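Below is one structure, written out as structure tokens; the observations come after it.
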Amino acid sequence: MSMDMATTSKRSFLEIFKSKILTPRNLDYKLQFTGPTGANAIEAAVKLARKITKRTNVIAFTNGFHGCSLGALALTGNTTNRSSSTSQLIHVTRAAYAGYFGDSVDTADQLAALLDDPTSGYDPAAAFILEVIQGEGGLNTASSDWLQKIAALAERHDTLLIIDEIQAGCGRSGTFFSFEGMDVTPDIIVMSKGISGFGLPMSLVLLRPDLDCWLPSEHNGTFRGNNHAFVTARAAIETFWKDDKFETTLSERIDYLTQHLQGLAERSGFCIKGRGMMQGVDLRTPELAKRVQKNCFERNLVIETCGPYGEVLKLLPPLTINQIDLELGLERIEDALTEALQFQSGCPKTI
Ligand SMILES: *Cc1c(COP(=O)(O)O)cnc(C)c1O
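Each residue of the sequence shown is one higher than the last, beginning at 495 in my numbering.
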């Protein structure tokens, strides 16, 4: 661990992250290396937002997941996660995520009305924190229109916009950041999970440069600056993000996945959720989703579920998957679903 010391591997990572990720996207951030988990980075981001704005309230969204340490858990919506804490989960106000009440209600307008009204009872917020694609919450997605409204609202109220890229980032959405192309520049970005490119523990916080008001060693932590992870993270960026080859292949795979899932939706009547390489099938009941998951496992395929009840089957293929494996995986999922539907109805049924 390098902590706050300079190392060659840290410098190499910083250089390549700047030259291949930030600069081509016209982004300028300072990088903070926190403890190695996503939750560590979330804690740092929110703590900094509170320190800068001198406000305690943070607005988080329905179905959001931000980790299980105390501060991150307060931001997380999931009751199972939340009930693990007997400490009070405080200083967070919940707002409705994009599309929470269906397409006819614009929840960004709703939040604006609440925050613009000095008697609504909403305390001024240090930050809004959100995922552009909700990984655990059911693959709900924010549109660029919604996101732009939230960013404008944040700016109007001197509230910082924190985007949690822990799951949707590093190419998972089809672009390096999930907010790319949406005409929004977050004040703070939190990254982890895929960032080391090799499964090594690593997380980081990207700060708008003028927001860095940390005093030396103020936000401490022993396992910061994991040199092994810097080496692999640099290699991953060098290999996959040095030109647009990887992104082009990724976009072909995503097109195939999307087309396949749309076909499945038409045949089966189930809705498809998410975008990029994080899409899923809303199977409506956790029982069916569990059954499909089990059937997939019997076909040597590991698949997760997500959503409020675990009712969404969540496809999270490796970003480097080849076309043959992708087709094979999708075939197995269809088989598993067909078998589960037959089991459920007690009679042969094909989708
Ligand atoms: C996994 C995850 C976290 C928490 O990361 P940990 O490393 O498990 O602490 C936070 N936000 C999102 C969106 C995640 O998917």
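Quick reminder that beta carbons are idealized off the backbone N, C-alpha and C, glycines included.
These figures come from a predicted structure and were not determined experimentally.
As a quick exercise: from the options, pick the residue whose alpha carbon is nearest that of residue i.
i, options, result
"N634", "C800, G663, D829", "C800"
"A590", "Q582, T580, V599, I584", "V599"
"A538", "I689, K767, D706", "D706"
"T531", "R761, A554, H560, T779", "H560"
"T779", "C765, S503, E792, P710", "C765"
"A535", "D597, G571, L698", "L698"
"K736", "T502, S506, R505, K514", "K514"
"L700", "T502, Q817, K524", "K524"
"K541", "W708, T733, K512, S579", "W708"
"E586", "G571, A645, M696, G757", "The sequence given here places Val at residue 586; Glu does not occur at that position. When only C-alpha atoms are compared, the closest one is G571."
"I660", "S638, D677, I683", "I683"
"K643", "D617, P612, V678, D652", "V678"
"E805", "P710, T501, G631, T752", "G631"
"I689", "A662, L567, M676", "A662"
"L822", "K687, Y803, Y750", "Y750"
"H468", "T501, A543, F507", "Only positions 495 to 845 of the chain appear in the structure, and residue 468 is not among them; the question remains open."
"T890", "L624, F507, E741", "The chain is shown only over 495 to 845; residue 890 falls outside these bounds and no answer can be derived."
"M676", "A636, E798, P811, V786", "A636"
"L521", "R702, S614, K545, S506", "R702"
"L813", "F734, E825, G840, G774", "F734"
"M685", "F511, D498, S506, M499", "F511"
"E825", "T613, N794, D639", "N794"
"G593", "G774, T574, Q604", "Q604"
"T550", "V786, G757, R785, I584", "I584"
Near residue i, which residues of its chain fall below 6 Å by C-beta distance, leaving aside the five closest residues on each side in sequence?
i, result
"A606", "L647"
"N789", "A830, E833, A834"
"Y803", "P780"
How close, in whole Å, do the beta carbons of residue i and residue j come, if the pair is a contact with beta carbons under 8 Å?
i, j, result
"F527", "G763", "That pair is no contact at about 47 Å."
"D681", "L655", "5 Å"
"R747", "I815", "6 Å"
"A783", "L807", "5 Å"
"G665", "L609", "That belief does not hold up - the Cβ atoms of G665 and L609 are roughly 33 Å apart, past 8 Å."
"L694", "A729", "So it is not a contact: roughly 11 Å between Cβ atoms."
"R576", "L567", "6 Å"
"G596", "F717", "Not confirmed; about 44 Å, so no contact."
"A619", "I553", "5 Å"
Identify, in the order they occur along the chain, each residue of the same chain with its Cβ nearer than 7 Å to the Cβ of residue i, setting aside the five sequence neighbours on each side.
i, result
"S548", "It should be pointed out that residue 548 corresponds to Lys in this sequence rather than to Ser. If we look at K548 and ignore the five residues flanking it on each side, it has no Cβ neighbours."
"G691", "T726, A727, A729, A730"
"D652", "T547"
"G715", "T528, G529, N534"
"L847", "Nothing can be reported for residue 847: it is not among the residues displayed for the chain, which extend from 495 to 845."
For residue i, collect the residues of the same chain with a Cβ closer than 8 Å to its Cβ; drop the 5 residues on either side in sequence, then sort them by chain order.
i, result
"S581", "L564"
"S667", "V626, I627, E674, R769, G770, M771, M772"
"R761", "I845"
"G558", "L569, T570, G571, Y591, I623, L624, E625, Q628, G631, D658"
"R519", "F670, F671, E674"
"N721", "M495, S496, T501, S503, K504"
"L508", "L525"
Does the beta carbon of residue i sit closer than 8 Å to a beta carbon anywhere in chain B?
i, result
"G565", "In the structure shown, chain B does not exist; there is a single protein chain."
* To do: For the stretch 610-664, list the beta strand (DSSP E) runs that are entirely contained and at least 3 residues long, ordered along the chain.
  => Whole beta strand (DSSP E) segments, 3+ residues: 621-624, 654-658.
* To do: Run through the stretch 768-820 for me and flag every whole beta strand (DSSP E) of 3 or more residues, listed as ranges in chain order.
  => If we require 3 residues or more, the beta strand (DSSP E) runs fully inside the stretch 768-820 come out as 772-776, 798-800, 806-809.
* **4 or more residues per run - each alpha helix (DSSP H) lying fully within the stretch 546-611** => With a minimum length of 4 residues, the unbroken runs of alpha helix (DSSP H) contained wholly in the stretch 546-611 fall at 564-569, 573-576, 601-610.
* Asked: For the stretch 501-549, which segments carrying the alpha helix (DSSP H) assignment without a break, of at least 4 residues, lie completely within its bounds, in sequence order?
  -> DSSP runs (the alpha helix (DSSP H)) wholly in the stretch 501-549: 502-510, 532-547.
* To do: Please specify which runs of the beta strand (DSSP E), each continuous and at least 3 residues long, are wholly inside the stretch 655-727, giving them in chain order.
  => Correct list: 682-685, 698-701.
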